[in-house]
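Asks: Sharing a structure, written as structure tokens. Questions coming.
There are 2 protein chains.
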Amino acid sequence: MEFQEIVMARYATKKFDGRAVPSEKMDKLLEMVRFSCSSFNLQPWKIKVVTDVPTKEKLQAASWNQPQITTCSHLLVFCADTDLERRASQLYDAMRSSGLPAGDVAAFSKAVDGFIAAMPKEKRLHWAQRQVYLALANALNGAKSLGLDSCPMEGFDPVRYSQILGLPENLVPSVVCPVGYAASVGSPADAAPTAGRPLRADTPRPKVRLEKKDVFF
Amino acid sequence: MEFQEIVMARYATKKFDGRAVPSEKMDKLLEMVRFSCSSFNLQPWKIKVVTDVPTKEKLQAASWNQPQITTCSHLLVFCADTDLERRASQLYDAMRSSGLPAGDVAAFSKAVDGFIAAMPKEKRLHWAQRQVYLALANALNGAKSLGLDSCPMEGFDPVRYSQILGLPENLVPSVVCPVGYAASVGSPADAAPTAGRPLRADTPRPKVRLEKKDVFF
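What follows is the structure, encoded as structure tokens:
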């Protein structure tokens, strides 16, 4: 599937049919997420993969009861990781293990350590969250490339998510991405109520975007 | 090209060979960027496309003199647009023009207007910037899908960019993406100095990423 087709075919699926995605397929998707790019390659994210029903139900209650949370197969909770020093240290280890010359790693780590030290603490979360959205994009596009559906979601309570998942302070739930199979039109899953949402994403409509002249200049 | 191949083949190109990308190809790339997803489909971004040499040279001076800025074909300056009310209004117009039922647009606009009104002013920029990174991801992956190279760059002075490009206050340069053709190894472009960068991206090395166990949990 060409990337252009992925861009046009992907849509925010509002209801899934509950089928489980085979683990081999999910592994492929997670690898595409893991290989996302990020500033300085720092990968300031950690992703909680939720499949068990009781946890999904608790998270749904902290997500405006949106049906995607419980009808999806795998729920990816993208957390920004603000412990940049630890991430950097892990990255340097990985670079050394990969066989990169020590001098290259040293020069790189000097630049990255300086970058982290110069970033005000209150900017860390925002910076990390921007990177998280690059990983999110790989999840969304990667899912479609594997014949899966997904939905980027910001409508949840990060504090409650953090409590439910027992997260340490450095991991901040930033965006959620349920993955699975869209409920097809007319299926039993489709017939279940969706809280009167006007835009039924399991029956995707043509994409609406701003005009070219309003986007590029 | 499968998306998985794009993920593995794309890399942050540090030097381009100066060749111009044909405009039809660039149009395809910009369409993939335009069709990026965003929260509430608000598309809070505007992208300055820079091709002229004098402007590139000024921007390079505001980008730590990094060679990508002047050696690329097209420089995409991704700006976050904090005028969300205007973006929303344009979106509602586009939805109506696309033939969506008025009731659907009204229900949607009510939700979005409420969302915008509830967002503290100081959070707008951060929120918009996160969306910008989704559009950036489409530029990076889209470029590779078209046989082009690119480089996500945060290393620039947004205030000076704003002055050089004469941007209004609501448009905040947030990330830059040069697009073009990587300088191939041994070419005259490759022989030019790159300020001693240890990681020559025009000779990409195997990707280094954190281990699976450090990313997913």
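As they're listed, the protein sequences go chains G and X. Residues in the first sequence are numbered from 1 upward in steps of one, following the numbering used here. Residues in the second sequence are numbered from 218 upward in steps of one, following the numbering used here. Note that the Cβ used here is the ideal one computed from N, Cα and C, for glycine as well. These numbers were taken from a predicted model, which means no experiment stands behind them.
1. Taking buried to mean at least 16 other C-beta atoms within 10 Å of its own C-beta, is glutamine 68 (chain G) buried or exposed?
2. Assuming aspartate 431 (chain X) is part of the alpha helix (DSSP H), what are its boundary residues?
3. Any contact of the segment 126 to 145 of chain G with the segment 6 to 13 of chain G, i.e. 3+ C-beta pairs under 8 Å?
4. Tell me the start and end of each unbroken beta strand (DSSP E) in the segment 49 to 96 of chain G that is at least 3 residues and wholly inside, in chain order.
5. Taking the alpha carbon of cysteine 37 (chain G) as the point to measure from, which residue in X:Thr230, X:Phe295, X:Val238 has its own alpha carbon closest?
6. Indicate the three-state DSSP secondary structure (helix, strand or coil) for lysine 361 (chain X) in the structure shown.
7. Below 6 Å CB to CB, which residues in the same chain sit around lysine 25 (chain G) once its five sequence neighbours on both sides are set aside?
8. Cβ atoms of tyrosine 161 (chain G) and alanine 62 (chain G): under 8 Å apart, would you say?
9. Is the beta carbon of valine 392 (chain X) sitting closer than 8 Å to the one on methionine 370 (chain X)?
10. Going residue by residue through the segment 314 to 350 of chain X, where are the continuous beta strand (DSSP E) segments of at least 3 residues, counting only ones entirely within it?
11. Which bits of chain G does alanine 226 (chain X) rub up against, with CB to CB less than 8 Å?
12. Using the Cα positions of alanine 182 (chain G) and proline 168 (chain G), report the straight-line distance between them to the nearest angstrom.
13. Buried or exposed for lysine 110 (chain G), please, with buried defined as at least 16 other CB atoms from any protein chain shown within 10 angstroms of its CB.
14. Do we get a CB-CB distance below 8 Å when we pair cysteine 37 (chain G) with the residues of chain X?
15. Let's see if you can read the secondary structure: which residues bound the beta strand (DSSP E) around valine 250 (chain X)?
16. Considering only their Cβ atoms, is the gap separating glutamine 346 (chain X) from arginine 130 (chain G) smaller than 8 Å?
17. Which of helix, strand or coil does DSSP assign to arginine 414 (chain X)?
18. Would you please verify whether the beta carbon of asparagine 355 (chain X) is less than 8 Å from any beta carbon of chain G?
Replies: Answer, in terms of the structure:
1. Translated into positions along the first sequence, residue 68 (chain G) becomes position 68. Buried, because 16 or more other Cβ atoms sit within 10 Å of the Cβ of glutamine 68 (chain G).
2. As a working note, residue 431 (chain X) is residue 214 in the second sequence. Residues 429 to 432.
3. yes
4. 74 to 81
5. By one-based count along the first sequence, residue 37 (chain G) stands at place 37. Minimum Cα distance to cysteine 37 (chain G) is reached at X:Thr230.
6. Taking the first residue of the second sequence as 1, we reach residue 361 (chain X) at position 144. Note: lysine 361 (chain X) maps to helix in three-state DSSP.
7. As a first step, residue 25 (chain G) must be located in the first sequence, where it is residue number 25. If we look at lysine 25 (chain G) and ignore the five residues flanking it on each side, its Cβ neighbours are Leu146.
8. In the first sequence, counting from the first residue as 1, residue 62 (chain G) sits at position 62. In the first sequence, counting from the first residue as 1, residue 161 (chain G) sits at position 161. Yes, Cβ-Cβ distance for alanine 62 (chain G) and tyrosine 161 (chain G) is below 8 Å.
9. Counting from one through the second sequence, the residue named residue 392 (chain X) turns up at place 175. Counting from one through the second sequence, the residue named residue 370 (chain X) turns up at place 153. Their beta carbons are under 8 Å apart, which means valine 392 (chain X) touches methionine 370 (chain X) by this criterion.
10. none
11. The count along the second sequence starts at 1 and reaches residue 226 (chain X) at position 9. Those do not exist, as alanine 226 (chain X) stays about 10 Å from chain G at its closest Cβ, beyond 8 Å.
12. The count along the first sequence starts at 1 and reaches residue 182 (chain G) at position 182. The count along the first sequence starts at 1 and reaches residue 168 (chain G) at position 168. Roughly 33 Å between the two C-alpha positions.
13. Here residue 110 (chain G) refers to the residue found at position 110 of the first sequence. Looking at its Cβ environment, which holds fewer than 16 other Cβ atoms inside 10 Å, lysine 110 (chain G) is exposed.
14. Taking the first sequence and counting its residues from 1, one reaches residue 37 (chain G) at position 37. Yes, cysteine 37 (chain G) lies at the interface with chain X (some Cβ there is under 8 Å from its Cβ).
15. Here residue 250 (chain X) is taken as the residue at index 33 of the second sequence, counted from 1. Per DSSP, valine 250 (chain X) belongs to no beta strand (DSSP E); it is in the alpha helix (DSSP H), 240 to 251.
16. Here residue 130 (chain G) is taken as the residue at index 130 of the first sequence, counted from 1. Here residue 346 (chain X) is taken as the residue at index 129 of the second sequence, counted from 1. In contact: arginine 130 (chain G) and glutamine 346 (chain X) (Cβ atoms closer than 8 Å).
17. Against the second sequence, residue 414 (chain X) aligns to sequence position 197. Residue confidence for arginine 414 (chain X) is low, a pLDDT of 45 falling below 50, so the modelled location carries little weight; the figure read from the coordinates is stated next. Reduced to three states, the DSSP call for arginine 414 (chain X) is coil.
18. For this step, residue 355 (chain X) is matched to residue 138 along the second sequence. Taking Cβ atoms only, chain G reaches closer than 8 Å to asparagine 355 (chain X), which makes this a yes.
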